[in-house]
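S.K.: The structure that follows is given in the form of structure tokens.
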Amino acid sequence: MSTLPDFRLMRPATASDAVRMRALHPSSRYLAGGTDLLPNMRRGLVATDVVIALGDVEELTGLHEEAGSLTIGVGVTLATLAANKLVQERLPALAQAAAGVAGPTHRISATLGGNLCLETRCRFYNQSEPWREANDYCMKLGSDTCRVASKSARCYAAFSGDLAPALMVLAAEVELLGPLGTRVLPIADFYREDGMAWLAMAPDELLVAVRVPLKNGWVSAYEKVRVRGSIDFPLAGVAVALRREGDALVGLRIALTGVSSRPESVSGLEAMAGHPLDDTALAIIARQVKLGTKAMETTLIEVPFRRRITPVLAKRLVERLWGMVGDNPIGPS
Amino acid sequence: MKKLLRLSVNGKPREDAVAENALLLDYLRGTLGLTGTKQGCDGGECGACTVLVDSQPRLACSTLAHSVAGRSVETIESLSAEGNLSRLQRAFHEHLGTQCGFCTPGMIMAAEALLRVNPHPDRAAIRASLAGNLCRCTGYVKIIESVEAAAQEQPV
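The listed protein sequences derive, respectively, from chains P and X. Using this note's numbering, you'd call the opening residue of the first sequence number 2 and step up by one each time. Using this note's numbering, you'd call the opening residue of the second sequence number 19 and step up by one each time.
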């Protein structure tokens with residue numbers, strides 16, 4: 002891999018300084034843990050003349066519980082999130098997703114914000130320059146044609162972050178800081194279904210924090226399939242949050258990653274409220290998850306496998322959580 | 019552009035003019051000549067370049083040199099500072115944890131980080147800690163046995 006291109010390195014001490022620097026240098030890039038951005042820059046996938054390193058911004062590394070919700074700064078590392086007792090106990094899907102990202106050394110550097118903004122991935126994009134040149138490049142960089150859908154007007158690179166689906170089923174919100182102040186939006190609205198422009202964030206905004214409600218009565222889990230269990234990006238990842246009262250399912254949320262250009266919230270699950278988790282319910286879950294699974298040939302593993310494994314993972318997690326609550330009811334309803 | 023970088027490398031304070039876009043790996047190998055840290059996949063996928071930053075493992079190929087300013091960096095060279103092998107180095111040697119040796123510095127630094135926080139890890143903890151370090155010569159059995167053997171020894 003080649004060395005990094007020349008750039009100016011800026012190291013703001015506060016989030017507002019970072020936003021000011023970004024306003025002055027619109028083509029700059031924010032650098033957090035570097036595990037995604039630096040390899041991409043070295044492969045020539047990302048070009049920039051200014052890098053704004055966020056490592057000194059202490060206000061982004063907080064984890065505060067307040068008024069029934071947990072606010073997590075985007076600079077909190079994945080290793081910290083995965084090991085945090087409160088997150089493990091109250092937001093297990095988030096702890097499991099953080100523990101499942103890449104390898105242990107990556108998780109010590111990699112951050113919540115970096116994973117939420119993770120660049121979309123594709124087997125035609127995450128390649129060396131000679132490989133991409135030999136294949137006439139692709140729509141995401143250097144060509145007009147998407148190699149996985151040649152007639153498509155948009156890029157199909159897959160969003161592969163593990164934390165986003167977990168935070169979606171936990172009903173989290175993201176906080177963005179821009180020159181005019183902060184705005185808060187549901188995490189699902191932070192994403193767009195476009196491999197080239199997958200974040201619904203203005204160029205002058207910085208993702209600063211995530212707020213997750215700590216709700217009683219809900220249980221959650223995250224699981225992914227990948228080629229090597231020790232390190233790889235998800236071929237498909239599924240997060241589930243569920244609330245059971247007696248023999249009735251009173252709440253169910255499912256979100257997916259790796260199978261679309263954005264983390265996908267599975268729709269059409271509301272009709273199951275009040276019903277038991279029987280075969281009919283599991284069939285509905287499988288059907289709805291399949292509808293949300295829009296896997297394209299962005300990985301070396303074939304699409305039919307990813308389309309089949311996603312509902313299997315979802316059903317497995319739902320059954321596990323359903324059984325867990327049945328054996329051991331938790332929290333006041 | 020070069021900027022002054024102050025940090026500690028293997029216990030010694032340093033001040034060097036280092037390019038803003040230099041990777042920690044380039045600084046250690048190129049500027050300081052500490053070539054024990056290996057340049058493997060060079061894309062954050064193999065763990066061969068693992069060094070310690072404030073006692074925690076980091077991938078030197080995916081870390082900017084300037085982002086560890088003021089921190090304490092340790093490379094494989096620090097373990098045998100007085101000419102003696104560390105207990106991990108000796109265990110890798112005696113228990114055949116090394117074949118071609120290219121992944122070994124990264125393996126040992128990742129294992130060193132583990133033993134500092136968990137002096138008596140079980141096999142699962144060792145496997146989890148080395149999950150991001152790849153060896154292409156063989157399996158991982160001898161490597162894991164080497165770490166187990168080092169953990170049974172008292173630190174020197």
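Just so you know, even glycine gets a beta-carbon here, dropped at the ideal spot from N, CA and C.
1) Give the straight-line distance between the Cα atoms of P:R12 and P:E176, rounded to the nearest whole angstrom.
2) On the three-state DSSP scale, how would you describe X:C79?
3) Taking 8 Å as the limit between beta carbons, can you name the residues of its chain near P:T36, skipping five residues before and five after?
4) X:G61 touches chain P at which residues, Cβ-Cβ below 8 Å?
5) Go through its chain and collect everything with a Cβ distance to P:V58's Cβ below 7 Å, but skip five positions before and after it.
6) Pick helix, strand or coil for P:R317, following the three-state DSSP scheme.
7) What are the residues in the region 28-48 of chain X lying within 9 Å of chain P by C-beta distance?
8) Is there a Cβ of chain X sitting closer than 8 Å to that of P:D163, yes or no?
9) Can you check whether the CB of P:L38 is closer than 8 Å to the CB of P:R30?
10) State the DSSP-derived secondary structure class of X:Q107, mapped to helix, strand or coil.
11) Just the Cα atoms here: how many angstroms apart are X:G150 and X:E95?
12) Start and end of the beta strand (DSSP E) containing X:E92?
13) For P:M169, does the three-state DSSP call read helix, strand or coil?
14) Quick one: is X:S164 near chain P, going by C-beta distance under 8 Å?
15) Rounded to whole angstroms, what's the CA-CA distance from P:P93 to P:A240? Just pull it up for me.
16) Taking its Cβ as the centre, do 16 or more other Cβ atoms sit within 10 Å of X:C118, making it buried, or is it exposed?
17) Within 8 Å (strictly less), CB to CB, does P:R9 reach chain X?
18) Check each candidate in P:L55, P:P6, P:L46, P:L236 and name the one with the smallest Cα separation from P:R21.
19) Using a Cβ-Cβ cut-off of 7 Å (strictly less than) and excluding sequence neighbours within five positions of P:N41, which residues of its own chain qualify?
20) Starting from the C-beta of P:C139, find all residues in its chain whose C-beta is less than 8 Å away, skip the five residues before and the five after it, and write them out in chain order.
21) What does the Cβ neighbour count give for P:T300, buried or exposed, with the cut at 16 atoms within 10 Å?
22) Residues of chain P with CB under 7 Å from X:A128, in chain order?
23) Which two residues bound the contiguous alpha helix (DSSP H) that contains X:M125?
24) Would the region 131-145 of chain X count as touching the region 65-78 of chain X if we require 3 or more Cβ pairs under 8 Å?
25) Any contact of the region 102-117 of chain X with the region 55-63 of chain X, i.e. 3+ C-beta pairs under 8 Å?
26) Please classify P:S334: does DSSP put it in a helix, a strand, or coil?
27) Give the C-beta separation of P:L284 and P:H276 to the nearest angstrom, bearing in mind that I take them to be a contact with Cβ-Cβ under 8 Å.
M.R.: The short version:
1) 21 Å
2) If DSSP states are grouped into helix, strand and coil, X:C79 belongs with the helices.
3) A103, H107, S110, A111, G115
4) For the C-beta of X:G61, the chain P residues within less than 8 Å are, from N- to C-terminus, M2, P40, R43, R44.
5) Answer for P:V58: P13, A14, T15, A16, A19, G76, listed in chain order.
6) helix
7) A37, E38, N39, A40, L41, D44
8) no
9) yes
10) Helix, per DSSP.
11) 21 Å
12) Counting along the chain, the beta strand (DSSP E) containing X:E92 begins and ends at 90-92.
13) helix
14) No - not a single Cβ of chain P is within 8 Å of the one on X:S164.
15) 10 Å
16) exposed
17) yes
18) P:L55
19) V47, E120
20) C123, F125, Y126, R133, T146, C147, R148, C156
21) Buried: at least 16 other Cβ atoms inside 10 Å.
22) T106
23) 122-135
24) yes
25) no
26) Caution applies to P:S334, whose pLDDT of 38 falls short of 50 and renders its modelled position unreliable; the model cannot decide the point.
27) Per the sequence shown, the amino acid found at residue 284 of chain P is Ala instead of Leu. Going by Cβ atoms, the distance from P:A284 to P:H276 rounds to 12 Å, so no, they are not a contact pair.
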